[in-house]
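Notes to accompany the following structure.
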Amino acid sequence: MTISVQDYKAMVGKELGVSRWFEFDQKRIDAFAACTEDFQFIHIDPERAAATPFEGTIAHGFLTLSMLSAMAYELFPKLEGTTMGVNYGLNKVRFLAPVRAGKRIRGRMTLLDVLERHPGVLQSTYEVNVEIEGEDKPALLAEWVGLTYV
């Protein structure tokens, strides 16, 4: 289902929803380490990481952040006439709690603002809260900006 730009703008201030859960097993963490060449032991060496305050391996903060795209596919409304959407960046991001290997995360997103940058180009700002299953503190909070070409 698609919605009009006018209906989309009326959603400012409203929660867009909550994504499905994504599992962060050691295999996913190791694959991200290989892609980014970030081999810090707290991510890839369970034995050494067990001796840290984390008591085991944790996901890279940037791995957690990278999952926003997958969450957005589930949560962002489809706008009539859209030719493409692109990531414009982040106004702010804070990593508040580690995601331990074996945990699951999900995203909760709210549409904060929509402005027309140019005719046919919308800039949307979203508040993102990435929750960790069974934990009170979120993995991260971010303000994410995207462009939609309509």
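Just so we're aligned, residue 1201 is where the sequence shown starts under our numbering, counting upward by one.
Positions of the beta carbon are idealized from the N, C-alpha and C atoms, including for glycine.
In this text, all values refer to a predicted model and were calculated from it rather than measured experimentally.
Ordered along the chain, which non-local residues of its own chain (more than five positions away) have a Cβ less than 7 Å from that of M1330?
With the sequence shown as reference, residue 1330 is identified as Val, and Met is not the correct amino acid for it. Here the set comprises T1264, I1305, G1307, P1338, A1339, L1340.
Is the beta carbon of L1275 closer than 8 Å to that of M1211?
no
Taking C-beta to C-beta, are F1254 and P1298 nearer than 8 Å?
yes
In the stretch 1231-1290, which residue ranges form an unbroken beta strand (DSSP E) of at least 3 residues, counting only runs that do not cross its ends?
Entirely contained in the stretch 1231-1290, not one beta strand (DSSP E) run reaches 3 residues.
Nearest-angstrom beta carbon gap, T1257 and T1348 [assumed within contact, 8 Å]:
Not really, about 37 Å apart at Cβ, beyond 8 Å.
What residue range is occupied by the uninterrupted alpha helix (DSSP H) comprising V1212?
Where V1212 is concerned, there is no enclosing alpha helix (DSSP H), given that its DSSP letter is neither H nor E.
With a cut-off of 8 Å, does the C-beta of E1215 fall near any C-beta of chain B?
Absent from the structure: chain B. Only one protein chain is present.
Strictly by DSSP, which residues pair up with I1332?
I1305
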